[in-house]
Amino acid sequence: MNCAYQIIIPNSFKRIPEVKNSTSSKDKRADFLIETSSSYIILECKSSIMSADTSAYFHADKLADVWCRIHSAFEQIGNTVEALKLYDKPVIPLILTFYDSIAASTVFEEMVKQTDYCSRLGLNIPPIVHSLHEFEHWISERSLNNWAESILSKQNASSPIQRDNKGHNYGHLNNISIL
Numbered sequence: 004m005n006c007a008y009q010i011i012i013p014n015s016f017k018r019i020p021e022v023k024n025s026t027s028s029k030d031k032r033a034d035f036l037i038e039t040s041s042s043y044i045i046l047e048c049k050s051s052i053m054s055a056d057t058s059a060y061f062h063a064d065k066l067a068d069v070w071c072r073i074h075s076a077f078e079q080i081g082n083t084v085e086a087l088k089l090y091d092k093p094v095i096p097l098i099l100t101f102y103d104s105i106a107a108s109t110v111f112e113e114m115v116k117q118t119d120y121c122s123r124l125g126l127n128i129p130p131i132v133h134s135l136h137e138f139e140h141w142i143s144e145r146s147l148n149n150w151a152e153s154i155l156s157k158q159n160a161s162s163p164i165q166r167d168n169k170g171h172n173y174g175h176l177n178n179i180s181i182l
């Protein structure tokens, strides 16, 4: 993931270092910080947040496990905001997975909106959970600034932000030949 996003957003993408000799769960940080003109995007990558059968069938135990992993990732993002003191701009908490997670993450986001969950973790925006494929699709025709503005406008119930057509258009895959 690191290579593709450094190409898409080379000047705004920073790896967040791990805390050495960690003594607390609050020392656990998210993976990456992306700064846009109007926000911070805190990115936590989870390679095993959901299995294919969870997204298809919603078995209660597997769904609970998915939500627990999303919660852990969101806690890491909250810890990162606190540790880096990122209070001057809105923070967009982004959790990327390797599996499509639309149904489970949408239900989780709706549940979060009905509670004080975000404020308890020190954040104002519910976690956005996308698979790598879903996220690449969302930013294929939008610059990251434009995507972030779109998320913020949804959060504030403002007018939708139109695509700026300055996305990656899958340019980072130009040198990959299939067959």
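Residue numbers (the numbering used here): 4 to 182.
For glycine and all other residues, C-beta sits at the position ideal for the given N, C-alpha and C.
Note that the coordinates shown come from a computational prediction; the quantities given were computed from them, not determined experimentally.
So, for residue i: in the same chain, excluding its five sequence neighbours on each side, which residues have a beta-carbon less than 7 Å away from its beta-carbon?
i, result
"Val22", "Asp30 and Arg32"
"Thr57", "In this prediction, Thr57 scores a pLDDT of 45, lower than 50, which makes its location untrustworthy; no coordinate-derived value is stated."
Can you tell me which of the options puts its alpha carbon nearest to the alpha carbon of residue i?
i, options, result
"Leu147", "Ser108, Ser40 and Lys116", "Ser40"
"Asp34", "Ala151, Asp91, Gly81 and Gly174", "Gly81"
"Ile131", "Asp64, Leu87 and Cys48", "Cys48"
"Ile42", "Ser161, Asn178, Asn168 and Ile128", "Sequence check: residue 42 is Ser here, not Ile. Taking only the C-alpha atoms, the option nearest Ser42 is Ile128."
"Ala63", "Ala107, Ile164 and Asn149", "Ala107"
"Gln84", "Met114, Ser156 and Gly125", "In the sequence as presented, Gln is not what sits at residue 84; that position holds Val. Here the closest residue by C-alpha is Gly125."
"Phe101", "Met114, Glu137, Ala86 and Val115", "Glu137"
"Arg183", "Ser25, Pro20, Val110 and Phe77", "In the structure as shown, the chain starts at 4 and stops at 182, and residue 183 therefore has no counterpart that could be examined."
"Gln79", "Met114, Val110, Ile19 and Asn149", "Ile19"
Work out the CA separation of residue j and residue i for me, nearest whole Å.
i, j, result
"Leu97", "Ile37", "10 Å"
"Gln117", "Lys17", "33 Å"
"Leu135", "Ser50", "10 Å"
"Arg166", "Ser153", "9 Å"
"Arg72", "Leu99", "12 Å"
"Ser15", "Ile45", "12 Å"
"Leu176", "Glu139", "11 Å"
"Lys88", "His74", "21 Å"
"Ser28", "Ser180", "43 Å"
"Asn159", "Pro93", "11 Å"
"His133", "Asp119", "22 Å"
"Ala86", "Ser162", "33 Å"
"Asn178", "Thr26", "44 Å"
"Val115", "Cys121", "7 Å"
Going by the DSSP bridge assignment, what does residue i pair with across the sheet?
i, result
"Cys48", "Leu99"
"Leu126", "In the DSSP output, where bridge partners are listed per residue, Leu126 has none listed."
"Lys17", "Leu36"
"Ile132", "The sequence shown places Val at residue 132, not Ile. Its beta-bridge partners are Ile98."
"Tyr120", "Looking at the DSSP assignment, Tyr120 forms no beta bridge with any residue, so it has no partner."
"Tyr43", "Glu38 and Val94"
Is residue i close to chain D, meaning its C-beta is less than 8 Å from at least one C-beta of that chain?
i, result
"Leu147", "Looking for chain D here will not work: only one protein chain is present."
Below 6 Å CB to CB, which residues in the same chain sit around residue i once its five sequence neighbours on both sides are set aside?
i, result
"Asn168", "Glu144"
"Ile164", "Glu152, Ser153 and Ser156"
Which residues in the same chain have their Cβ closer than 8 Å to the Cβ of residue i, if we skip the five residues on either side of it in sequence?
i, result
"Tyr173", "Glu139 and Ser143"
"Glu112", "Pro129, Pro130, Ile131 and Val132"
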